[in-house]
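According to our numbering, the sequence shown is numbered sequentially starting from 43.
Ideal Cβ positions, reconstructed from N, Cα and C, are used throughout, including at glycine.
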Amino acid sequence: WIMGEPRGLAVRLTQRVCSDAPPLNGVLSGRCYYQNLPSIVVSHVLDPQPGEVVADLCSAPGGKTTHIAALMGGKGLVVACDNSKKRAVEVAFIV
43 WIMGEPRGLA
53 VRLTQRVCSD
63 APPLNGVLSG
73 RCYYQNLPSI
83 VVSHVLDPQP
93 GEVVADLCSA
103 PGGKTTHIAA
113 LMGGKGLVVA
123 CDNSKKRAVE
133 VAFIV
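Here it is as structure tokens:
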């Protein structure tokens, strides 16, 4: 606990949210981005607002980073970092 709050939040998926979703197999490539539920939840819990500065310290492959930017309406700054140079370059390509 830090300052009376738990250190973090964990989400464990025990079953698929949409078990009958077909594979896209390249359909909408580059226009649709798969993201797991915990990555989606963290962006909404953060609740980024337009004009804010947000640091995504584990940004690769870029799903959370782009989701945060979208929730901010493209107005603000998202600093994307990763401890892997190769993965950080992948994020730069997506963003």
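Check                                                                              : Outcome
V95 CB to nearest heavy atom of the ligand ZN below 6 Å                            : This structure lacks the ligand ZN, and indeed carries no ligand of any kind.
Beta-carbon spacing of A134, D98 below 7 Å                                         : no
Cα-Cα separation between V131 and T107, rounded to whole angstroms                 : 13 Å
Neighbour-count burial assignment, G105, 16 or more Cβ in a 10 Å radius            : buried
The beta strand (DSSP E) enclosing L119, as first and last residue numbers         : L119 to A122
G115 beta carbon less than 7 Å from that of P90                                    : no
Burial state of H109, where buried means 16 or more other Cβ atoms lie within 10 Å : buried
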